[in-house]
Amino acid sequence: MTDMTVSPAPSSPIIAPSVLAADFSQLGKEVAAVAGGDWLHVDIMDGHFVPNLSFGPDVTATIKRVTDLELDVHLMIEEPEKWVERYVEAGADCVIFHVEAVADKDAVVALCRTLRGLGVRAGISVKPATSVEEYLDILGEVDLLLVMSVEPGFGGQSFMPEMLEKVKTLRAAIDAGQHSTVIEIDGGISADTIADAAAAGCDAFVAGSAVFKQEDKAAYIDRLRSLAAAAQSQGQQ
Ligand code: DX5
Ligand code: ZN
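In the working numbering, the protein residues as written are 30 to 266.
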């Protein structure tokens with residue numbers, strides 16, 4: 030008799046280059062250079078929720094046209110509920126909004142349901158000062174939780190290692206509840222920091238300046254993925 034036991038495939042770390050750090054004068058070329066990533070992270074800033082402006086749905090749609098990667102759209106904007114549909118139309122595969130940008134926890138759940146209803150992954154994000162405890166009982170509504178490891182608003186800042194405590198709390202809650210929520214980390218991720226983030230329990234890693242400043246971006250993305258995979262498998266032993 031054939032042995033039908035199948036071990037679950039080890040999930041490979043997800044690397045999401047952040048287009049914010051790209052040279053926008055050659056966007057198509059820059060996006061093509063990071064095609065070895067898993068998702069493309071798209072940072073939307075409104076000059077109110079964060080003290081910086083980036084771009085909006087039209088540029089997002091342009092980015093969608095020049096990549097086959099899934100778009101991981103990070104909304105650092107006020108009143109995200111008014112905008113999510115525009116980003117879904119622009120080609121987002123996952124829309125992440127900040128819990129600090131909506132009225133309360135009920136509004137977080139409502140917007141997650143709206144996103145799933147629109148056919149995309151529902152993502153929520155927490156700034157460094159926001160704890161994750163309050164959201165542990167709604168993980169079933171959330172496809173992805175983005176832990177900010179810098180203050181949102183700018184690329185190129187230093188990683189805040191103390192944010193890994195939140196990741197450990199989330200990992201324990203997700204595993205205990207058998208949820209499928211992806212833990213993503215954003216800010217200051219590089220070959221120097223990714224292993225610690227992976228060992229703490231992250232599944233997905235945004236990397237902006239560290240990737241785009243490389244001559245060989247494809248090799249660097251592979252290196253990040255290998256470092257994360259090694260740290261994840263060490264953590265499982
Ligand atoms: C910061 C953004 C990040 C940024 C990361 O507010 O959310 O996605 O692009 O940039 P690095 O990797 O340079 O910290
Ligand atoms: Zn981001």
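The beta-carbon is built from N, C-alpha and C at its ideal position, and this holds for glycine as well.
Computed from a predicted model, the values in this text were never measured in an experiment.
- Cβ neighbours of Glu213 within its own chain (closer than 6 angstroms, five residues either side excluded): Leu173, Leu175, Ala233.
- Your pair Ile92 and Arg254 does not check out as a contact, with CB atoms roughly 22 angstroms apart and the cut at 8 angstroms.
- When the beta-carbon positions are compared, Phe126 and Ser160 stay at least 8 angstroms from each other.
- By a beta-carbon distance limit of 8 angstroms, Pro46 does not contact Gly182. Their separation comes to about 19 angstroms.
- In the three-state reduction of the DSSP assignment, Cys123 falls in the strand class.
- In this structure, Pro80 has its CB at a distance of at least 7 angstroms from all heavy atoms of the ligand DX5.
- Contact between Ala236 and Ala260 fails: their C-beta atoms lie close to 15 angstroms from each other, not under 8 angstroms.
- Residue pairing by DSSP puts Glu99 in a beta bridge opposite Trp68.
- For Ile212, the pairing in a beta bridge is given by DSSP as Leu174.
- His77 counts as exposed, since fewer than 16 other beta carbons sit within 10 angstroms of its beta carbon.
- Pro86 is the residue among Ala220, Gly185, Pro86 whose C-alpha sits nearest the C-alpha of Val113.
- Around the C-beta of Leu256, 16 or more other C-beta atoms lie within 10 Å, and the residue is accordingly described as buried.
- Using a Cβ distance threshold of 8 angstroms, Glu170 and Ala151 count as a contacting pair.
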